[in-house]
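Trainee:
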Amino acid sequence: MLIIGTEMKKLAVVGLVLLPFVLASCGGANQMAGLPLVEFSTEDFTGSGNCAACHVDLEDQIGNYVSISNHWRSTMMANAAKDPFWQAKVASEVERNPHLKEVIEEKCASCHMPMAYTQAEVRDVSAMIFDSGLTNPSNPLNPAAMDGVSCTLCHQIVDPVLGEYTVDTSTEPPDRLIYGPYENPEQSLMIAASKFTPVYGEHVTDSVLCGTCH
Ligand code: HEC
Ligand code: HEC
Ligand code: HEC
Ligand code: HEC
10 MLIIGTEMKK LAVVGLVLLP FVLASCGGAN QMAGLPLVEF STEDFTGSGN
60 CAACHVDLED QIGNYVSISN HWRSTMMANA AKDPFWQAKV ASEVERNPHL
110 KEVIEEKCAS CHMPMAYTQA EVRDVSAMIF DSGLTNPSNP LNPAAMDGVS
160 CTLCHQIVDP VLGEYTVDTS TEPPDRLIYG PYENPEQSLM IAASKFTPVY
210 GEHVTDSVLC GTCH
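The numbering of the sequence shown is our numbering, which starts it at 10 and goes up by one.
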C-alpha cells in the first residue's frame, strides 16, 4: 500500500493519541491475560483486536472496571465458533443427515460464525464449516469465523427484525457505519484508525437487535 504524506501524518497523530492507552494497558497486564484478540480485516469486517486497540482498560468514575473488549472476550458469543460442544453438535447433525451437509453447515455458521458467513455470501464462496471450510486455518475467512459474534457484526446490524440480522455490505471504508447508543460521537479518531465511522443508532438500545439471532 502506498502511504502518502497526509496519511502518514494522520497515523502519527493517532499513534500519539493512542500512547496513553497503550501504556495504560501495559499497567493493567493482569486484566489483559489471555491470547491477543485477532486483527484480521475483510471488505466488511475487522477483528475484535482492531477495536480493542482503543475500547479497552476502561474504568468508570468510581473505579469499576468496564472494559468492553475484555468483558466480551469471555462470553459465549465471543466463543460461539470455538465452542467444542457446538462444533460437535454440528458434526453429529451432519452425520445423521449426510445428504443435507451443506445446508446444515451453512445454516449453523450463519449465527455462530456470522462475520465469515456474511462475507462468504458477498464473495459468493462456500460458508461450510469442516474439511477445507471455515474451521480450517488455511481458509481465508478462518480468522473472521473464529472471532465469533464480534464487534463489527453486532454494531453493523441495520433494520433488525426477529430471526434475521442484516449488515449493509454496500459501503466502502471508511463509510462503513458502526452504530452505538450515543448521539454525536467524536468520529475522526476511529475513522483514521479503523476505517469505520461511529454513529448514533437508536436500534442498538432495542432488544430486537439481540432477537435477530436469539
Ligand atoms: C438464528 C441463529 C442461530 C442458528 C441458525 C443456529 N444457532 Fe445455535 N445458538 C444460537 C443462539 C442464540 C444460542 C444461545 C441460546 C441460549 O443459550 O439461549 C445457540 C446455542 C447453541 C448451542 C448451545 C451451545 C452451548 O455450548 O451451550 C448449540 C449446541 C447450538 N447452538 C447448535 C447449533 C447448530 C447445530 C446449528 C445448525 C443446525 C445452530 N446452532 C444454528 C443461535 C443460532
Ligand atoms: C452481541 C452484540 C454486541 C457485540 C458482540 C459487541 N457489542 Fe458493543 N454494544 C452492543 C450494544 C447493544 C450496546 C449498547 C448498550 C447500551 O445501550 O448500554 C453496545 C455498546 C458499545 C459501545 C458504547 C460504549 C458504552 O460503554 O456503552 C462501544 C464503544 C462498544 N459497544 C464497542 C464494542 C466493541 C469494541 C466490541 C467488540 C470487542 C463490541 N462492542 C461487541 C452490542 C454488542
Ligand atoms: C483509535 C481509537 C478507536 C478505535 C481503533 C476504535 N474506536 Fe470506537 N470509538 C473511538 C472514539 C474516540 C469514540 C467516540 C467516543 C466519544 O465520542 O465519546 C468511539 C465510539 C465508538 C462507539 C459508540 C458510538 C456511539 O455513537 O454510540 C462504538 C459502538 C464503537 N466506537 C465501536 C468500535 C468498533 C466496533 C471498533 C472496531 C472496528 C472501534 N470502535 C475502533 C475510538 C476508537
Ligand atoms: C449474530 C447472532 C447473535 C446476535 C446478534 C446476538 N447473539 Fe447472543 N448468542 C449468539 C450465539 C450463536 C450464542 C451461543 C454461542 C455458543 O454457546 O456457542 C449466543 C449466546 C448468548 C448468551 C449466552 C447464553 C447462555 O446460555 O450461556 C447470551 C447471554 C447472549 N448471547 C446475549 C445476547 C445479547 C444481550 C444480544 C444483543 C445485545 C445478543 N446476544 C445478540 C448469537 C447472537
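We put the CB at the ideal spot given by N, CA and C, even for glycine.
Values in this document were obtained by computation on a predicted structure and should not be read as measured data.
Should Q128 be listed as close to ligand 3, given that the test is whether its C-beta is under 8 Å from any heavy atom?
Mentor: The residue you call residue 128 lines up with position 119 of the sequence shown. No, since every heavy atom of ligand 3 falls outside the 8 Å radius drawn around the Cβ of Q128.
Trainee: Residues in its own chain within less than 8 Å of N148 by CB, not counting five upstream and five downstream?
Mentor: Translated into the one-based positions of the sequence shown, residue 148 becomes position 139. So the qualifying residues of the chain are S141, G142, A154.
Trainee: Using 8 Å as the cut-off, classify the Cβ of D92 as near or not near the heavy atoms of ligand 4, replying yes or no.
Mentor: By one-based count along the sequence shown, residue 92 stands at place 83. Within the cutoff, so yes.
Trainee: Counting only runs of 4+ residues fully inside the segment 99 to 135, write out the alpha helix (DSSP H) ranges in chain order.
Mentor: Runs found: 110 to 121, 123 to 132.
Trainee: How is P93 classed by DSSP in three states: helix, strand or coil?
Mentor: Working through the sequence shown from its first residue, we reach residue 93 at position 84. Helix at P93.
Trainee: By DSSP, does I166 sit in helix, in strand, or in coil?
Mentor: Residue mapping note: residue 166 aligns to position 157 of the sequence shown, counting from 1. Of the three classes helix, strand and coil, the one that applies to I166 here is strand, per DSSP.
Trainee: Quick one: what's Y209 bridged to in DSSP?
Mentor: As a first step, residue 209 is located in the sequence shown; it is residue number 200 there, counting from the start. Answer is G189, bridged to Y209.
Trainee: With C-beta atoms as the reference, is Q128 less than 9 Å away from T206?
Mentor: For the purposes of this step, residue 128 is taken as residue 119 along the sequence shown, with counting starting at 1. For the purposes of this step, residue 206 is taken as residue 197 along the sequence shown, with counting starting at 1. Contact flag unset, no.
Trainee: How far does the beta strand (DSSP E) with V176 in it extend, from its first residue to its last?
Mentor: Taking the first residue of the sequence shown as position 1, residue 176 is located at position 167. It spans 173 to 176 - the beta strand (DSSP E) in which V176 sits, taken as one unbroken run.
Trainee: Hey, V213 and G189 are a contact pair by Cβ (cut 8 Å); roughly how many whole angstroms apart?
Mentor: Position 204 of the sequence shown, counted from the first residue, corresponds to residue 213. Position 180 of the sequence shown, counted from the first residue, corresponds to residue 189. So it is a contact: roughly 6 Å between Cβ atoms.
Trainee: Please report how far the alpha carbon of S197 lies from the alpha carbon of V208, in whole angstroms.
Mentor: For this step, residue 197 is matched to residue 188 along the sequence shown. For this step, residue 208 is matched to residue 199 along the sequence shown. Using only the alpha carbons, I get a separation of about 11 Å.
Trainee: Touch check for the segment 168 to 181 and the segment 119 to 136: three-plus C-beta pairs under 8 Å?
Mentor: Flag = yes, the segment 168 to 181 and the segment 119 to 136 touch.
Trainee: By Cβ distance below 7 Å, which residues in the same chain neighbour C222 in space, the five residues on each side in sequence not counted?
Mentor: Counted from its first residue, the sequence shown places residue 222 at position 213. Taken in chain order, the residues that qualify are C120, Y174.
Trainee: Determine the extent of the alpha helix (DSSP H) in which M199 is found, giving its start and end residues.
Mentor: For the purposes of this step, residue 199 is taken as the residue at position 190 of the sequence shown. 197 to 203 is the span of the alpha helix (DSSP H), which, as asked, contains M199.
Trainee: Sorted by chain position, which residues of the same chain lie with C-beta nearer than 7 Å to C160's C-beta, five sequence neighbours on each side aside?
Mentor: Locating residue 160 in the sequence shown gives position 151, where the first residue counts as 1. Closer than 7 Å at Cβ, skipping near neighbours: S57, C60.
Trainee: Mind checking who S50 pairs with in its DSSP beta bridge?
Mentor: The residue given as residue 50 occupies position 41 in the sequence shown. In the DSSP output, where bridge partners are listed per residue, S50 has T55.
Trainee: So I266 and V99 are in contact, right, with Cβ under 8 Å, and what is the actual spacing, rounded?
Mentor: No information on residue 266 is available, as it lies outside the stretch 10 to 223 that the chain covers here.
Trainee: Give every residue of the same chain whose Cβ lies closer than 7 Å to the Cβ of E211, excluding the five residues on either side of it in the sequence, and list them in chain order.
Mentor: Position 202 of the sequence shown, counting from 1, holds the residue named residue 211. Within the same chain, E211 has no close Cβ partners at all.
Trainee: In angstroms with no decimal places, state the Cα-to-Cα distance between F30 and E192.
Mentor: As a position in the sequence shown, residue 30 is number 21, starting the count at 1. As a position in the sequence shown, residue 192 is number 183, starting the count at 1. At F30 the pLDDT is 46, less than 50, meaning the model places this residue with poor confidence; the figure from the coordinates comes in the next sentence. Straight-line Cα distance between these residues: approximately 24 Å.
Trainee: Starting from the C-beta of D168, find all residues in its chain whose C-beta is less than 7 Å away, skip the five residues before and the five after it, and write them out in chain order.
Mentor: In the sequence shown, counting from the first residue as 1, residue 168 sits at position 159. Cβ neighbours of D168 beyond the five flanking positions: T175.
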